[in-house]
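Numbering (our numbering), first residue to last: 142 to 337.
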């Protein structure tokens with residue numbers, strides 16, 4: 142019905158509601174029926190990474206910078222046009238011709254940095270694993286993972302990785318959203334309170 146490009150164009154021209162970390166929805170009317178589109182940008186994003194001649198480069202970085210600084214000043218907002226000057230996404234947008242890039246947009250913004258330490262750790266394990274060869278990265282392979290295991294134990298750590306929705310200050314919020322842009326020490330302190 143819709144190609145990945147058509148979904149992306151539709152997505153970029155409709156209002157979006159954030160449901161949870163990495164999950165967005167749009168309410169649309171298609172042939173008179175209310176339809177909810179979830180992450181409509183993703184098929185084109187995936188196509189971009191999986192098409193012949195394309196590649197994904199995974200780098201694991203460590204920094205003492207605050208998570209919010211790394212996300213907003215180093216990487217820049219998801220929409221490169223809204224990213225601050227000097228951020229990677231803004232530079233890619235402004236210099237796309239120089240870099241030989243076809244497009245820089247919210248769907249194709251060039252770089253990813255996890256929203257927070259828990260989501261980041263789950264992504265590190267996912268992207269540094271080779272499931273075809275049954276080689277899954279271990280939580281303890283990463284500084285935050287080892288710290289989390291020591292503080293919470295393996296059973297609670299697995300529960301945290303499942304991104305459960307918690308009641309926090311009277312609101313239902315997922316672990317990923319709750320720990321978004323939170324530095325690792327603060328994140329561990331909060332998780333200890335939430336998972337005693």
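For each residue, glycine too, the CB sits at the ideal point set by N, CA and C.
Please classify residue i as buried or exposed, where buried requires at least 16 neighbouring CB atoms within 10 angstroms.
{"i": "residue 196", "result": "exposed"}
{"i": "residue 258", "result": "buried"}
{"i": "residue 202", "result": "exposed"}
{"i": "residue 156", "result": "exposed"}
{"i": "residue 256", "result": "buried"}
{"i": "residue 228", "result": "buried"}
{"i": "residue 271", "result": "exposed"}
{"i": "residue 311", "result": "exposed"}
{"i": "residue 224", "result": "buried"}
{"i": "residue 234", "result": "buried"}
{"i": "residue 129", "result": "The requested residue 129 does not occur in the structure, where the chain is confined to residues 142 to 337."}
What would DSSP say about residue i, mapped onto helix, strand or coil?
{"i": "residue 188", "result": "helix"}
{"i": "residue 239", "result": "helix"}
{"i": "residue 176", "result": "strand"}
{"i": "residue 287", "result": "helix"}
{"i": "residue 282", "result": "helix"}
{"i": "residue 250", "result": "coil"}
{"i": "residue 330", "result": "helix"}
{"i": "residue 218", "result": "coil"}
{"i": "residue 277", "result": "coil"}
{"i": "residue 203", "result": "coil"}
{"i": "residue 147", "result": "helix"}
{"i": "residue 213", "result": "helix"}
{"i": "residue 224", "result": "coil"}
{"i": "residue 325", "result": "helix"}
{"i": "residue 298", "result": "helix"}
Report back the beta-carbon spacing between residue i and residue j to the nearest angstrom; my notes put them in contact at under 8 angstroms.
{"i": "residue 315", "j": "residue 161", "result": "5 angstroms"}
{"i": "residue 94", "j": "residue 247", "result": "Because residue 94 is not part of the residues shown, which for the chain are 142 to 337, the question remains open."}
{"i": "residue 184", "j": "residue 221", "result": "Rounded, the Cβ-Cβ distance is 20 angstroms, inconsistent with contact."}
{"i": "residue 298", "j": "residue 290", "result": "6 angstroms"}
{"i": "residue 242", "j": "residue 216", "result": "About 16 angstroms; that fails the 8 angstroms criterion."}
Could you say which of the options lies nearest to residue i if we only look at CA atoms?
{"i": "residue 327", "options": "248, 209 and 269", "result": "209"}
{"i": "residue 199", "options": "310, 251 and 274", "result": "251"}
{"i": "residue 325", "options": "261, 192, 144 and 189", "result": "261"}
{"i": "residue 218", "options": "249, 240 and 280", "result": "249"}
{"i": "residue 149", "options": "245, 229, 236 and 205", "result": "245"}
{"i": "residue 147", "options": "158, 266, 175 and 188", "result": "188"}
{"i": "residue 320", "options": "271, 275, 263 and 268", "result": "263"}
{"i": "residue 337", "options": "310, 177 and 292", "result": "292"}
{"i": "residue 207", "options": "331, 266, 323 and 333", "result": "323"}
{"i": "residue 329", "options": "304, 312 and 288", "result": "288"}
{"i": "residue 304", "options": "164, 154, 174 and 145", "result": "164"}
{"i": "residue 172", "options": "180, 280 and 142", "result": "142"}
{"i": "residue 309", "options": "290, 297, 295 and 331", "result": "331"}
{"i": "residue 284", "options": "296, 276, 277 and 266", "result": "266"}
{"i": "residue 159", "options": "186, 178 and 268", "result": "178"}
With a threshold of 7 angstroms (Cβ to nearest heavy atom), would residue i be considered close to the ligand MG?
{"i": "residue 142", "result": "Only the bare structure without any ligand can be found here, which leaves the ligand MG out of the picture."}
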